[in-house]
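Count the sequence shown with full-length UniProt numbering and you get residues 1 to 472, in order. Working notes for the structure below.
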Amino acid sequence: MGKIPPSFRPAITYSLVKKPPLTEASSSIQTPTPIPPLHFPKKSSKKNDDKLSRKPQQSKQHPAIQNLLESPDLPSAKKIFNSIAATTKATLDLRFHNALLQSYASVSTVPDSISLLQHMVKTNPEFSPDRSTYHILLSQSCRAPDSSLSPVHQTLNFMVSNGFKPNQVTTDIVIRSLCEVGRFDDAVELVKEMSLKHSPPDSFTFNFLVKCLCKCRTLSTVYGFIEEMKNSFGIKPDLVTYTILIDNVCNSKNLREATRLLGVLNECGFKPDCFVYNTIMKGYCMLSRGSEAIEVFNKMKEEGVEPDLVTYNTLIFGLSKAGRVKEARKYLDIMVEKGHFPDAVTYTSLMNGMCREGNALGALALLEEMQRKSCSPNSCTYNTLLHGLCKCRLLEKGIDLYREMKSAGIKLETASYATLVRTLCRAGRVAEAYEVFDYAIESKSLTDVAAYTTLESTLKWLKKAKEQGHAL
1 MGKIPPSFRP
11 AITYSLVKKP
21 PLTEASSSIQ
31 TPTPIPPLHF
41 PKKSSKKNDD
51 KLSRKPQQSK
61 QHPAIQNLLE
71 SPDLPSAKKI
81 FNSIAATTKA
91 TLDLRFHNAL
101 LQSYASVSTV
111 PDSISLLQHM
121 VKTNPEFSPD
131 RSTYHILLSQ
141 SCRAPDSSLS
151 PVHQTLNFMV
161 SNGFKPNQVT
171 TDIVIRSLCE
181 VGRFDDAVEL
191 VKEMSLKHSP
201 PDSFTFNFLV
211 KCLCKCRTLS
221 TVYGFIEEMK
231 NSFGIKPDLV
241 TYTILIDNVC
251 NSKNLREATR
261 LLGVLNECGF
271 KPDCFVYNTI
281 MKGYCMLSRG
291 SEAIEVFNKM
301 KEEGVEPDLV
311 TYNTLIFGLS
321 KAGRVKEARK
331 YLDIMVEKGH
341 FPDAVTYTSL
351 MNGMCREGNA
361 LGALALLEEM
371 QRKSCSPNSC
381 TYNTLLHGLC
391 KCRLLEKGID
401 LYREMKSAGI
411 KLETASYATL
421 VRTLCRAGRV
431 AEAYEVFDYA
441 IESKSLTDVA
451 AYTTLESTLK
461 WLKKAKEQGH
471 AL
């Protein structure tokens, strides 16, 4: 029960470009903007043609598009396009051509996709490819089975030869597409090439790549890449870059390096924000180093950074986990004074700490206080308290809480289920243990195997203990 609740496990999230389904009648290519980290402002787009195209949905109005998706054969693709162009009365606009090209490129090779595009231009002189057209080819070239970068280079050269010089959006598409298929080394190589020959990445693309490298490469490799990009291409790390690095080393429990990076951040003229301090505090709390977490808390206030709800929740969790419940309660009062209302995460952390030190009744009283203040307990709250009550041998109160959970349809977690079943069996109430087992299966709280294994092992232990005359 000592895991940090997800509500205050902030992390920098760089999402790859998503592909939500379009409407059934639409075959147009929509253009999303890459999603930056949640706590930083979103990057604004400048031009519609500078956005990455999404994969179009197959249209029931044009069965030929579905055929193209299924067949990489170039002559067949040309025939189908000719058929559509000859029979349709409506004007085939840019979006239709892009959708058709996208569907074919997803199943074909780069040379054949280029050939189809050239055929479309020749057949329909009114069709003039724009930047998004070439970005479609570029995105697919990054996913080509060829492990080399030759398909990407071929597409870039084709794009330049037709009057479209690669820009920052082009660089972003290439890097994200390569990372999406796990080609991180190629992404590093290409971002250097793009910086040298065409357009360097913007801060969002650069930080996206740094985030990806932190997940799959050593810290020294990431540092080397950042240093090379700064010295060779003038791309300097910003606050987001350092925040990514700090989050990475904190997740690796390397708090000494996190502290060093915090110093580097200040030396470079960046003021750490609340998110940075929360990340470092989280690292200390996960290691049950509450004193260091308090030091970080005090330092952020000295620097003029106002703690937020996540800050207090993180600190209360860390202190409760370390057995310093009285101090955690003190910070609960402080956060209320500062205008932050405790939520389910706050109270659950305190309950967990109280139960750990054997004060399950105090945790139960905290639940009542929580409800009086119109703060709704969640599943984690109930399971934490149920686990604590059973551990403290307060079975009747645990049963009452379990019935309340059952009536509300709240699922049992593995730890609380196992503890309740064992406590019931120890008390000789095996029939009730079977009833809890039935509810766990019915509510899909656990898999059948997990629920049965726990009950079976408990019954075997109970039988063995009785045979050996051990006290239950």
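Ideal Cβ positions, reconstructed from N, Cα and C, are used throughout, including at glycine.
- Message: Given this structure, state the Cα-to-Cα distance separating S407 from F437, to the nearest angstrom.
- Response: 16 Å
- How is the alpha helix (DSSP H) around P111 delimited, first residue to last? V110 to T123
- Message: Can you confirm whether the segment 287 to 298 touches the segment 318 to 332 when touching is taken to mean that 3 or more C-beta pairs between the two stretches lie within less than 8 Å?
- Response: yes
- Could you give the C-beta distance for S106 and Q154, rounded to a whole number, given that I count them as a contact under 8 Å? Their Cβ separation, rounded to whole angstroms, is 17 Å, which puts S106 and Q154 out of contact at 8 Å.
- Item | Candidates G469, L101, Y277 and R95: closest to S71 by CA position | L101
- Message: Restricting to Cα atoms, I'd like to know which of G388, L446, P272 and S252 is closest to T241.
- Response: P272
- Message: Once DSSP output is grouped into helix, strand and coil, what is the label at E126?
- Response: coil
- Item | Coarse secondary structure for F270, derived from DSSP in three states | coil
- Task: Using three-state DSSP, classify R183 as helix, strand or coil.
- Result: coil
- Message: What does the Cβ neighbour count give for D93, buried or exposed, with the cut at 16 atoms within 10 Å?
- Response: exposed
- Query: Would a C-beta distance cut-off of 7 Å place residue 478 and T133 closer than the cut-off?
  - Reply: Residue 478 falls outside the range modelled here, since the chain spans only 1 to 472, and no answer is possible.
- Message: Can you look up E413 in the DSSP assignment and give me helix, strand or coil?
- Response: coil
- Task: Note the first and the last residue of the continuous alpha helix (DSSP H) segment covering H97.
- Result: L94 to A105
- Query: Can T447 and A418 be called in contact, C-beta distance under 7 Å?
  - Reply: no
- Task: In angstroms with no decimal places, state the Cα-to-Cα distance between A322 and C390.
- Result: 21 Å
- Determine the contact status of A415 and H387, defining contact as a CB-CB distance below 7 Å. yes
- Task: Counting only runs of 3+ residues fully inside the segment 294 to 361, write out the beta strand (DSSP E) ranges in chain order.
- Result: none
- Message: Between the alpha carbons of R372 and K460, how many angstroms are there, rounded?
- Response: 43 Å
- Task: May I ask you to report which of helix, strand or coil DSSP gives H198?
- Result: coil
- Message: Please classify P111 as buried or exposed, where buried requires at least 16 neighbouring CB atoms within 10 angstroms.
- Response: exposed
- Extent of the continuous alpha helix (DSSP H) run through K391: S379 to K391
- Query: The alpha helix (DSSP H) spanning Q140 covers which residue range?
  - Reply: R131 to S141
- Query: Going by the beta-carbon positions, is the gap between I175 and T205 smaller than 7 Å?
  - Reply: yes
- Item | Inter-residue Cα distance where the pair is V121 and N266 | 55 Å
- Task: Just tell me which of Y223, H119, P201 and L138 has its CA closest to the CA of V160.
- Result: L138
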